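To convert, take the position in the sequence shown, counting from 1, and add 281; that gives the working numbering.
For every residue, glycine included, the Cβ atom is placed at its ideal position computed from N, Cα and C.
Computed from a predicted model, the values in this text were never measured in an experiment.
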Amino acid sequence: MDSCVLLAFLLFCWAEAASAPDPPLKSIRLGDAVTLPMTVPKGQSLNNLLLRDSSREEAIAIWMDSKDVSVVNIKYANRVTFQKDEIAFRIANLSLDDGGTYEISTSFTSSSPKVLGSFLVAVFNITERISSLGNDSCYIYLDCEVGMGSGHRVTYAWKDSETGTTLSQVAWLIQLVHTNHKRAYTCAAQTPTAQSTFSFVLQHPCIPNMASPGPWALGSLLVRGLLVTAALLLL
Numbered sequence: 282m283d284s285c286v287l288l289a290f291l292l293f294c295w296a297e298a299a300s301a302p303d304p305p306l307k308s309i310r311l312g313d314a315v316t317l318p319m320t321v322p323k324g325q326s327l328n329n330l331l332l333r334d335s336s337r338e339e340a341i342a343i344w345m346d347s348k349d350v351s352v353v354n355i356k357y358a359n360r361v362t363f364q365k366d367e368i369a370f371r372i373a374n375l376s377l378d379d380g381g382t383y384e385i386s387t388s389f390t391s392s393s394p395k396v397l398g399s400f401l402v403a404v405f406n407i408t409e410r411i412s413s414l415g416n417d418s419c420y421i422y423l424d425c426e427v428g429m430g431s432g433h434r435v436t437y438a439w440k441d442s443e444t445g446t447t448l449s450q451v452a453w454l455i456q457l458v459h460t461n462h463k464r465a466y467t468c469a470a471q472t473p474t475a476q477s478t479f480s481f482v483l484q485h486p487c488i489p490n491m492a493s494p495g496p497w498a499l500g501s502l503l504v505r506g507l508l509v510t511a512a513l514l515l516l
């Protein structure tokens, strides 16, 4: 098939592709990478794979057997690789706009593509601003912004990770803390169909760490277990 015809097919003719069950969630910190593995049916060999953003119905990358991955979406240029040993695509340097649902399929040039994996990727940007009180305490201002796909309305909540107590039902949180008191927080982001959470620990909340990412200084932030994810259908 002519490459231009194939690309046009991939970009514009995927609306009728079979949909997968509710995809598992992957909560990723802004700027980090996500690995999207797939399950290959027993006895089936893979000659081609397509990674697509099903939220926007856009092709992202194509892998052909014995060839390097071809990125067909300029937004993902130099960010997508294929890990043959793990049979997985990897997207690096995630932005908020990268949040959404991704699908991996084979036999994509046929009328019946086979979906091998589907994932909802939530990209978290958590920032902290510090206001010192000069008496071994400070106010911390936490803000959570999450990309979960184009057109999805996201609502937020903050919780104490250790007790589960809800501290705020908006995207920001203000807390009075002491310098040497470790604090653990969870940001929960929810759309009409799913919820994803991201938990972290502030070892020394009142001490800024200018080397940490984000527009504000993060105070000695340690991600607890890196990620905490959950799938939740609203009642």
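Point to revise | Beta-ladder partner(s) of PRO304, from DSSP | key: The partner list for PRO304 (beta bridge, DSSP) is empty, contrary to what the question assumes.
Exercise for review: Name, in chain order, the residues that DSSP records as bridge partners for HIS459.
Suggested key: SER418
Review point. Whose C-beta lies closer than 7 Å to the C-beta of HIS459 among residues of the same chain, with five residues either side of it excluded?
Key: ASP417, SER418
Exercise for review: Could you spell out where the beta strand (DSSP E) holding ASP334 opens and where it closes?
Suggested key: That run of the beta strand (DSSP E) goes 329-334.
Exercise for review: Pull up the DSSP beta-bridge partners for PRO318, would you.
Suggested key: ALA369
Review point. Mind checking VAL451: buried by the 16 CB within 10 Å criterion, or exposed?
Key: exposed
**Study point:** Any 3 or more C-beta pairs closer than 8 Å across the region 393-407 and the region 316-323
**Key:** By the Cβ criterion, the region 393-407 is in contact with the region 316-323, since at least three pairs of Cβ atoms, one from each stretch, lie closer than 8 Å.
Review point. If you count every other CB in all the chains shown that lies within 10 Å of the CB of LEU483, and 16 or more means buried, which is it?
Key: buried
Exercise for review: At 4 residues or longer, and completely inside the region 373-397: list those alpha helix (DSSP H) runs for me, N to C.
Suggested key: If we require 4 residues or more, the region 373-397 turns out to have no alpha helix (DSSP H) run fully inside it.
Practice item. May I ask which residues mark the beginning and end of the beta strand (DSSP E) holding LYS356? Key: It is not in any beta strand (DSSP E) - LYS356 carries neither H nor E in the DSSP assignment.
Check your understanding: Whose C-beta lies closer than 6 Å to the C-beta of LYS463 among residues of the same chain, with five residues either side of it excluded?
Key -> GLN484
Exercise for review: Please report how far the alpha carbon of SER386 lies from the alpha carbon of ASN461, in whole angstroms.
Suggested key: 50 Å
Practice item. Please name the residue, chosen from ILE372, GLY381, ASN374, that lies closest to ARG337 on a Cα-to-Cα basis. Key: For ARG337, the nearest C-alpha among the options comes from GLY381.
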